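Structure, as structure tokens:
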Amino acid sequence: MYAGLLMLPWVLLYGVTAFLFNHPSVFSDAPTVEFGATALVGTPMECPPTPVELAGQVVVALQARAPAGMSYALIEPEAAKYNHDAAFATVKADGREVSLLIDATGKGGTVRSRPAATAETGGVAPFAIGGRPAGGKTRSPNRERGGDSGKGQATARATDGLKLDYTLHERVLQSIPAMLERTGFPNGDVTVTSVPDLVFLMDADGKRCRVTYNAQTGAVGGRPADDTAVEPTLSPRRFLTRMHLQHGYPGEVSVRWVWAVVVDIMAGVMVFWWLSGVLMWWQIKATRWLGFAVLVVSATTAVAVGFGMHEFLSAAGR
1 MYAGLLMLPW VLLYGVTAFL FNHPSVFSDA PTVEFGATAL VGTPMECPPT
51 PVELAGQVVV ALQARAPAGM SYALIEPEAA KYNHDAAFAT VKADGREVSL
101 LIDATGKGGT VRSRPAATAE TGGVAPFAIG GRPAGGKTRS PNRERGGDSG
151 KGQATARATD GLKLDYTLHE RVLQSIPAML ERTGFPNGDV TVTSVPDLVF
201 LMDADGKRCR VTYNAQTGAV GGRPADDTAV EPTLSPRRFL TRMHLQHGYP
251 GEVSVRWVWA VVVDIMAGVM VFWWLSGVLM WWQIKATRWL GFAVLVVSAT
301 TAVAVGFGMH EFLSAAGR
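So in full-length UniProt numbering, spot 269 of the sequence shown is number 269, and the numbers just go up one at a time.
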């Protein structure tokens, strides 16, 4: 009981944030409109091909370009399906970014609108340097893969980037073979997908600037330190959903570390509730049969949902 009282506010917070994830239109921080199939009348999405029809078209097209003697045929057509329910698109217009979700079967969807990211008010910083273009695998420090040059930062056009000696990107790249060997994994071509940006303050000819440097691309961006125009607004809904996604322990003790501890405590308390609940139920003979029936129904439902979600996620490829 006391464990329940201890965790009550945390369970409430976790439950509310999970509910917000499941219902994007609740407490939305952006205008959201849901539409049905009637909104798609007269468009190509009014009657899109079914997965079976589209699979048949793909097989026919493959057969048309197949070598002589090669034969293709659709089997188990009832198994054809999309690995995701919807298509997504974005539109930038009138200073806003409109996100669209359209059901792949033409049943409808949703439209959300939010202000577009504010452009850098101060223009390109005089010290800004464009980064190396993205693309390709990283095999050595001399063949680097491009990365993000810092979201919301003004940067110059793409160049070779700012070159420093032995950057974080190079250190990670050169450390990976040894780490793989010591942990028992095979070595091969290495791709450093990203490194964290370095953010710091700098005096630029008497002006206080916030500078962002990406060691992977060599890009340098900057803006006045007191310029908050490009900082995204953290709405209450976005705050709650982002907090729900926080996981893992950071490298230092901080508020994020405390949140990770709370999540672990919640997990432990939930397991404790399960064990204590089973023990309390079994000790009360009058409730054994009813409790057993509830337990069977719950367990059967959980197993069925688990297998169903496993099949869905396996088909989605994630």
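The beta-carbon is built from N, C-alpha and C at its ideal position, and this holds for glycine as well. None of the values given here were measured: they were computed from a predicted structure.
Three-state secondary structure (DSSP) of D203: Note: D203 maps to strand in three-state DSSP.
Counting Cβ pairs closer than 8 Å, one from the region 209-219 and one from the region 191-199, do we hit at least three? Yes, since at least three Cβ pairs between the region 209-219 and the region 191-199 fall closer than 8 Å, the two stretches touch.
Just how far apart, CA to CA, sit H244 and V303? Their backbone Cα atoms lie some 25 Å apart in a straight line.
Give the straight-line distance between the Cα atoms of V262 and V255, rounded to the nearest whole angstrom. Those two C-alpha atoms are separated by around 11 Å.
Simplified DSSP assignment, three categories, for A66: If DSSP states are grouped into helix, strand and coil, A66 belongs with coil.
Residue nearest to Q57 in terms of C-alpha spacing, selected from G42, P67, P77, M45: Here the closest residue by C-alpha is P77.
By DSSP's criteria, R114 is part of a beta bridge. Which residues make up the other side? For R114, which the question treats as bridged, DSSP gives the partners E97.
What did DSSP end up calling T50 once you bin it into helix, strand or coil? Three-state result, T50: coil.
Please report the straight-line C-alpha distance between D226 and P236, rounded to a whole angstrom. Rounded to whole angstroms, D226 to P236 spans 23 Å at the Cα level.
From the DSSP output, which residues share a beta bridge with K92? Under DSSP, K92 takes part in a beta bridge, and its partners are E97.
Is it buried or exposed, L12, if we count other Cβ atoms within 10 angstroms and call 16 or more buried? Classified as exposed, L12 has fewer than 16 neighbouring CB atoms from the shown chains inside 10 Å of its CB.
For a quick check, are the C-beta atoms of K107 and A37 less than 8 Å apart? A contact, by the Cβ cut-off of 8 Å.
Counting pairs of Cβ atoms below 8 Å between the region 109-116 and the region 30-45, do you hit three or more? The region 109-116 is in contact with the region 30-45.
Going by DSSP, what residue range makes up the alpha helix (DSSP H) through residue 350? Residue 350 lies beyond the range of the chain shown here (1 to 318); nothing can be said about it.
Could you spell out the range, first to last residue, of the beta strand (DSSP E) harbouring E181? Here E181 belongs to no beta strand (DSSP E); instead the alpha helix (DSSP H) covers 168-183.
If we call anything under 8 Å between Cβ atoms a contact, is A104 one with A86? Yes, the Cβ-Cβ distance between A104 and A86 is below 8 Å.
Using 10 angstroms around the beta-carbon of L20, count the other beta-carbons present and answer buried if the total reaches 16, otherwise exposed. Classification of L20: buried, given that the 10 Å Cβ count is 16 or more.
Would you check if the distance between the CB atom of V98 and the CB atom of L162 is smaller than 8 Å? Result no, Cβ atoms of V98 and L162 do not sit closer than 8 Å.
For E224, which residues does DSSP report across the bridge? Reading off the sequence shown, one finds Pro at residue 224, where the question assumed Glu. P224 pairs with C209.
Does the beta-carbon of A125 have 16 or more other beta-carbons within 10 angstroms, so that it is buried, or is it exposed? With a threshold of 16 other beta carbon atoms within 10 Å, A125 meets it and is buried.
Assuming R210 contacts L201 under a Cβ cut-off of 8 Å, what Cβ separation, rounded to an integer in Å, is found between them? Taking the Cβ atoms as the reference, R210 lies roughly 6 Å from L201, within the contact range of under 8 Å.
Rounded C-alpha distance that separates Q283 from D264: A direct Cα-to-Cα measurement between Q283 and D264 gives close to 29 Å.
Along the chain, where does the alpha helix (DSSP H) that runs through T241 open and close? It spans 236-245 - the alpha helix (DSSP H) in which T241 sits, taken as one unbroken run.
Taking the beta carbon of R96 as the centre, do at least 16 other beta carbons fall within 10 Å, making it buried, or is it exposed? So R96 counts as exposed.
Using three-state DSSP, classify E311 as helix, strand or coil. DSSP places E311 in helix when its eight states are reduced to three.
Limits of the beta strand (DSSP E) - the one that V33 falls within: Segment 32-36, the beta strand (DSSP E) holding V33.
Leaving aside the five residues before and after G147 along the sequence, list all residues of the same chain whose C-beta is less than 6 Å from its C-beta, in chain order. Because G147 sits at a pLDDT of 38, beneath the cut-off of 50, its placement in the model cannot be relied upon, and the point is left open.
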